[in-house]
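A short write-up of the structure that comes next.
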Amino acid sequence: MTRGKARVASLAAGILMASAFAADAQEAEANLVDARGQSVMERERPGYDAAGIRAGGFMVYPEASISGAFNDNIYALPGNETDDFITTVAARVNANSTWSRHAISLRAGVAQDFYADNTDENRFNWNVGVGGRLDVTRDTSINANAGYAVLHEDRGDPNAPAAADEPIEYTLFNAAAGIQHRFNRISVGLDGEYLSYDFDNAVTTAGAPILQDDRDREEFIQRLRLGYNVSPDTLVYVEGQLDQRKYDLQPPAVATNRDSDGRQIVVGSEFRLTNLAQGGVYVGYQEREYDDAAFGDTDGIAYGANVDWFVTPLTTIQFTADASVQETTVAGSSGYDRQQFGVGVDHELLRNLILRGALSYANNDYNDAAREDDIIGARAGLVYLLNRNLDLEFGYNYSDRDSSVPAFSYTRNIIGLTVTGKL
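Here our numbering is used: position 42 in the sequence shown is 229, and no number is missing along the way.
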């Protein structure tokens, strides 16, 4: 038996033991609460939810976790797959105000991945952020948030250079602010968002440079929404959006100018249908114009959905959908049109034992280039809540990318176990 298979066998045995213990420990629990109108993962679970730490006018929720996972294709390659066992140590903290008016939330997190054999893949990510709401009057509020993160691109990302000797590191700064006002049943919202991406250059295993500065960019987004409350539980709205994407490097430093301007207008609804479903859907039109004449403009349908269906008191099904135009630095392509769909199921087998599963499909169609990717994803998991301070989660993830350019196709399986401590 190879070392990787031995690790998987050991991990699977531990998972089966934990699952059996969970079932035995909770076998006698029969009085499950009918909590339809709230998703399985959102509902309160007295005795299992973290109590938090009170600090003046704030509640602080710290947690730390350690996980072990076996990945059978860490480089996301179509052949000659390399497997490895990854240990991840992570911690995060959230602090939320408990004031009767206004609100502030603070967050921070760190995560370190350790690869058992391929140590060049080790990575350290961290993030900090703050958000708040100012209640100007009963009908007017101002929201704002900002965050900064140091991240690494997954090897399976559509834009990740396969030849890089290490995962691409980048920083992301984002800030947003908006104002909302209500006139009886009519509401108006205006908000703006700013994002800044800064990618580190890389090298190949042979030491040849791989330029990534050509991906550095700023994005500016402006939205205006006009809504009407048909009922207390149903909002219908019209929303218009403008955005500008500006790249740091311009010709002649790079071959092409990737700056672009986008427009979108949609109609949608946010709703709660008694205790049956809640969420939002929208549909409309979007277009994007590129400054470089070598790139063709793109337009088409815009749509999105995020709906929870409360099938039974113990089962929630989630539906998601999205259509958008994504950035790329693939040679000759201005960007790619992404359409994605997903369905997930959460089932409360016992009060502290939750089964989870999901399927997803995405299509990435690269404009002005002969590349199209079909991506299928699947995941299954088991969450066992031991008590207020300790959770166990077993998970399996499958991903398959079938590309018209064979070098970008891959299949990957990941199986892992996470232990989380919380206060």
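Ideal Cβ placement from N, Cα and C applies to all residues, glycine included. Treat the numbers as computed from the prediction; the structure is a model and nothing was measured.
Hey, would you say residue i sits closer than 8 Å to residue j, going by beta carbons?
| i | j | result |
| --- | --- | --- |
| residue 544 | residue 531 | yes |
| residue 289 | residue 320 | yes |
| residue 553 | residue 527 | no |
| residue 451 | residue 489 | yes |
| residue 227 | residue 248 | no |
| residue 366 | residue 377 | yes |
| residue 477 | residue 486 | no |
| residue 295 | residue 314 | yes |
| residue 597 | residue 343 | yes |
| residue 569 | residue 606 | no |
| residue 347 | residue 355 | yes |
Ignore the nearest five residues each way along the sequence and tell me which others in residue i's own chain have a CB closer than 8 Å to its CB.
| i | result |
| --- | --- |
| residue 456 | 421, 422, 423, 424, 467, 468, 469 |
| residue 327 | 366, 367, 368, 369 |
| residue 237 | 248, 250, 575, 576, 609, 610 |
Could you give the DSSP three-state label for residue i: helix, strand or coil?
| i | result |
| --- | --- |
| residue 370 | strand |
| residue 269 | coil |
| residue 443 | coil |
| residue 188 | Residue confidence is low: residue 188 scores 44 on pLDDT, short of 50, so the model does not pin down where it sits. Its coordinate-derived value is still stated next. Residue 188: coil per DSSP, three-state reduction. |
| residue 482 | coil |
| residue 524 | strand |
| residue 594 | helix |
| residue 457 | strand |
Can you grab the Cα-Cα spacing for the pair residue i / residue j, in whole Å?
| i | j | result |
| --- | --- | --- |
| residue 368 | residue 330 | 12 Å |
| residue 385 | residue 318 | 23 Å |
| residue 214 | residue 463 | A caution first: residue 214 carries a pLDDT of 39, below 50, which makes its placement in the model unreliable, though a value can still be read off. If you take the alpha carbons of residue 214 and residue 463, they lie about 28 Å apart. |
| residue 358 | residue 388 | 12 Å |
| residue 491 | residue 550 | 15 Å |
| residue 341 | residue 417 | 43 Å |
| residue 351 | residue 593 | 18 Å |
| residue 211 | residue 567 | Bear in mind that the predicted position of residue 211 carries a pLDDT of just 40, short of 50, making it unreliable; the figure below should be weighed with that in mind. If you take the alpha carbons of residue 211 and residue 567, they lie about 22 Å apart. |
| residue 305 | residue 256 | 14 Å |
| residue 392 | residue 595 | 19 Å |
| residue 458 | residue 493 | 11 Å |
| residue 345 | residue 253 | 28 Å |
| residue 231 | residue 353 | 42 Å |
| residue 535 | residue 556 | 46 Å |
| residue 264 | residue 415 | 49 Å |
| residue 426 | residue 362 | 20 Å |
| residue 229 | residue 497 | 12 Å |
| residue 209 | residue 502 | Caution applies to residue 209, whose pLDDT of 40 falls short of 50 and renders its modelled position unreliable; the value that the coordinates give is listed next. Whole-angstrom Cα-Cα distance: 19 Å. |
Within 10 Å of its beta-carbon, does residue i have 16 or more other beta-carbons around it, so buried, or fewer, so exposed?
| i | result |
| --- | --- |
| residue 447 | buried |
| residue 434 | buried |
| residue 161 | Outside the displayed span of the chain (188 to 610) sits residue 161, for which this structure offers no information. |
| residue 431 | exposed |
| residue 370 | exposed |
| residue 499 | exposed |
| residue 412 | buried |
| residue 443 | buried |
| residue 379 | exposed |
| residue 394 | exposed |
| residue 287 | exposed |
By Cβ distance, which residues of its chain are closer than 7 Å to residue i, with the 5 residues on each side in sequence left out?
| i | result |
| --- | --- |
| residue 298 | 275, 277, 312 |
| residue 245 | 282, 283, 284, 285 |
| residue 471 | 451, 452, 453, 454, 489 |
| residue 481 | 443 |
Cutting at 6 Å between CB atoms, please list the residues of its own chain near residue i, excluding the five before and the five after it.
| i | result |
| --- | --- |
| residue 601 | 256, 258, 584 |
| residue 302 | 271, 273, 308, 309 |
| residue 428 | 410, 451 |
| residue 293 | 282, 317 |
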